[in-house]
Amino acid sequence: MQVGLYACGPTVYDYTHIGHLRKYVMDDVLVRMLRNASYEVKHVQNITDVGHLISDDDEGEDKMEKGARKYGKTAWELAKKFEDYFFYSMDKMNVLRPTLSCRATEHIQSQLDLVLDLEKKGFTYVIEGDGVYFDTSKLEKYGELSGHDPRFAHRETRMGENTSKKNPSDFALWKFEKPGENRQMVWPSPWYPRSFPGWHVECSAMSIEHLGPQLDIHTGGIDHIAVHHANEIAQSETYTGEKPFAKYWVHHNFLRVDGEKMSKSLGNFYTIDDIIEKGFSPLALRLLFLSSHYRSEQNFTFESLEASQNAWQKLLQAYFTLKKSDRDLSDIQEDDTKVSQKFASDFTTAVENDLNTPEALAVLWQMLKVPALTNSQKYRLLLDFDRVLGLGLIAAKESDLALNKAEDLQVKDLPEDLQKLFAEREKARLAKDYAKSDQIRSEFTKAGYQLVDLDGSVIIKIQPQH
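Heads up: take any position in the sequence shown, counting from 1, add 2, and you land on the numbering used here.
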């Protein structure tokens, strides 16, 4: 049986960060769980490389155009750079590639056709010099996904908001280039010679083109519910006449860092390279993500990652110990088999119960401790569980165990020049001069050491040799 799954993908205007990583790791567990249950999953994921404006209210400049100026590249070069970094990050996290990855810029005609159809059906209107908008007053149940109708909620007009819209909840289907804007990404349309699609229309057009008029599963962040996904539903169901647009929605909660929203200005914006440079395994980060339910907000700290790294090392050690066991399975008693089947059943029940990965991990750790199972049984169960959890055990190397073998070093254990450099970095760190702090960390990495920042302290390790 085939399952059509559409995942809201990245807007490729900047580096993929650990908040993104959590969402796609949990999407990956969903895909793995379905395939493990013998479903044929067609996983389609978009790449937003045009049309995503700074504001969800269809105001402000395109994130791609702004990012191009920031990094001194064309919008097309920027999209390629950060699409590549996104998939590099996914590979490090052992996230399976989607069946199909589709770019918005390669589906312009599909998006245009959808908007023209909505216009023909009488659901659109044009704001001169601005764009083509969807009239949400035409739908009886707009916003039903979020449990309320935003058209009738009290809402003060914000500075810069488009007051020409008929309803505050109306959204742009197609946008027009403004005078003097000189956008890099524009296409001709029946309404305006230099124009581009709105953000929301791409997901409808591409998912329908590649998965049909009705999706089995649609994933995204909880911040998408009230606006982006409400708009997808409105335009898709009007276009296809199929209800519901998606049978099941999977919405991932936020990842906070030290209790705060991730932000470059706060110095708590981390990429996968930051995690690796600080001496952690990406799979330890994946294990950390699995320890929290996808619908729960998770707080990331380097202390929690350190604990997860220790757990990851413990799991690796158990795996290699069990792998060396070559007991003949014919020696297993019937009672032992029943115990093994019970653990397999408990694990499956956990992951199939709304992706309860914390409970699934609890089953895994309990299984490793049970004396009633042979090493061979534990080894096979561990591999079966990992087909869903995606911790990459079968590809692991014993050299990965080197990460935590060395004792933590003291500053006095360092060469004298590095002791001085460490003190200089501490001053920079306390002054929140993150650029200088990271530059000095790189010097330690080159010298063969790792600096792992925890809350209020720094751990010094010898760089593992691979």
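Think of the CB as a built atom: it goes at the ideal place given N, C-alpha and C, for glycine as much as any other residue. Keep in mind it's a predicted model, so treat the numbers as computed, not measured.
Helix, strand or coil, according to DSSP, for residue i in the structure here?
i: Gln186; result: coil
i: Leu217; result: strand
i: Gln315; result: helix
i: Pro284; result: helix
i: Ser197; result: strand
i: Gln4; result: strand
i: Glu179; result: coil
i: Cys205; result: helix
i: Thr50; result: strand
i: Arg297; result: coil
i: Lys44; result: strand
i: Phe247; result: coil
i: Glu262; result: strand
i: Tyr135; result: strand
i: Leu423; result: helix
i: Asn372; result: Sequence check: residue 372 is Val here, not Asn. Val372 falls in the coil class under three-state DSSP.
i: Gly162; result: Note that Gly162 scores a pLDDT of 49, beneath 50, so its modelled location is shaky; the value from the coordinates is reported in the next line. It is coil, neither helix nor strand.
i: Phe271; result: coil
i: Phe302; result: strand
i: Leu257; result: strand
i: Gly69; result: helix
i: Tyr451; result: strand
i: Thr126; result: strand
i: Ala228; result: helix
i: Asp105; result: It is Arg, not Asp, that sits at residue 105 in the sequence shown. In this structure, Arg105 counts as strand in the three-state DSSP scheme.
i: Lys414; result: helix
i: Asp64; result: strand
i: Ile497; result: Residue 497 falls outside the range modelled here, since the chain spans only 3 to 468, and no answer is possible.
Would you say residue i and residue j are within 8 Å of each other, going by their C-beta atoms?
i: Asp402; j: Ile396; result: no
i: Glu61; j: Asn164; result: yes
i: Asn355; j: Ser298; result: no
i: Leu98; j: Val27; result: no
i: Ala81; j: Glu67; result: no
i: Leu488; j: Leu290; result: Because residue 488 is not part of the residues shown, which for the chain are 3 to 468, the question remains open.
i: Pro360; j: Ser310; result: no
i: Ala362; j: Ala352; result: yes
i: Asn270; j: Leu324; result: no
Just tell me which of the options has its CA closest to the CA of residue i.
i: Trp251; options: His22, Leu23, Ala232, Val259; result: Ala232
i: Arg427; options: Lys122, Glu418, Asp440; result: Asp440
i: Ile110; options: Ser191, Glu42, His253, Ser40; result: Ser191
i: Leu257; options: Phe282, Asn301, His295; result: Asn301
i: Arg37; options: Tyr73, Glu445, Gly392; result: Gly392
i: Lys326; options: Glu400, Thr339, Glu305, Ile462; result: Glu400
i: Leu118; options: Asn355, Pro417, Arg105, Gln237; result: Gln237
i: Cys104; options: Thr138, His253, Val52; result: Val52
i: Lys123; options: Tyr241, Arg431, Phe446, Lys266; result: Tyr241
i: Arg24; options: Leu80, Asp86, Tyr296; result: Tyr296
i: Gly145; options: Asp172, Ser166, Lys429; result: Asp172
i: Ala449; options: Phe84, Ala106, Leu420; result: Leu420
i: Leu384; options: Gln319, Asp275, Lys249; result: Gln319
i: Trp201; options: Tyr127, Thr50, Ser267, Leu80; result: Thr50
i: Asp16; options: Phe247, Tyr73, Ser40; result: Tyr73
i: Asp276; options: Ser444, Arg382, Lys75, Arg99; result: Ser444
i: Lys266; options: Ala437, Lys68, Asp86, Leu366; result: Ala437
i: Asp435; options: Lys68, Lys94, Met3, Leu268; result: Leu268
i: Met95; options: Glu142, Val31, Ala39; result: Val31
i: Tyr90; options: Ser347, His22, Lys245, Ala430; result: His22
i: Pro195; options: Ala425, Pro181, Asp86; result: Pro181
i: Lys143; options: Phe282, Pro246, Asp348, Gly69; result: Pro246
i: Leu432; options: Gln343, Ala39, Glu418, Val460; result: Val460
i: Glu108; options: Phe198, Ser40, Asp29, Phe88; result: Phe198
Our contact map puts residue i next to residue j with C-beta atoms below 8 Å; I'd like the distance itself, whole angstroms only.
i: Leu114; j: His212; result: Going by Cβ atoms, the distance from Leu114 to His212 rounds to 17 Å, so no, they are not a contact pair.
i: Val5; j: Val46; result: Rounded, the Cβ-Cβ distance is 11 Å, inconsistent with contact.
i: Leu147; j: Ile278; result: Rounded, the Cβ-Cβ distance is 37 Å, inconsistent with contact.
i: Met35; j: Leu357; result: 7 Å
i: Thr273; j: His19; result: 6 Å
i: Lys280; j: Gln452; result: 7 Å
i: Leu75; j: Lys65; result: In the sequence on display, residue 75 carries Lys and not Leu. Incorrect: roughly 14 Å between the Cβ atoms, too far for contact.
Is residue i near the ligand FMN, in the sense that its beta carbon is under 7 Å from a heavy atom of that ligand?
i: Leu453; result: As far as ligands go, the structure on display features none, and thus does not contain the ligand FMN.
Three or more C-beta pairs closer than 8 Å, one from the segment 8-20 and one from the segment 220-227: is that the case here? yes
On the three-pair Cβ rule with 8 Å, is the segment 173-190 touching the segment 122-136? yes
Could you check whether the segment 182-199 touches the segment 213-223, counting it as contact only if at least three pairs of C-beta atoms, one from each stretch, sit closer than 8 Å? no
Stretch-stretch touch, CB-based, cutoff 8 Å, three pairs: the segment 258-271 with the segment 230-248: no
Counting pairs of Cβ atoms below 8 Å between the segment 281-300 and the segment 309-319, do you hit three or more? yes
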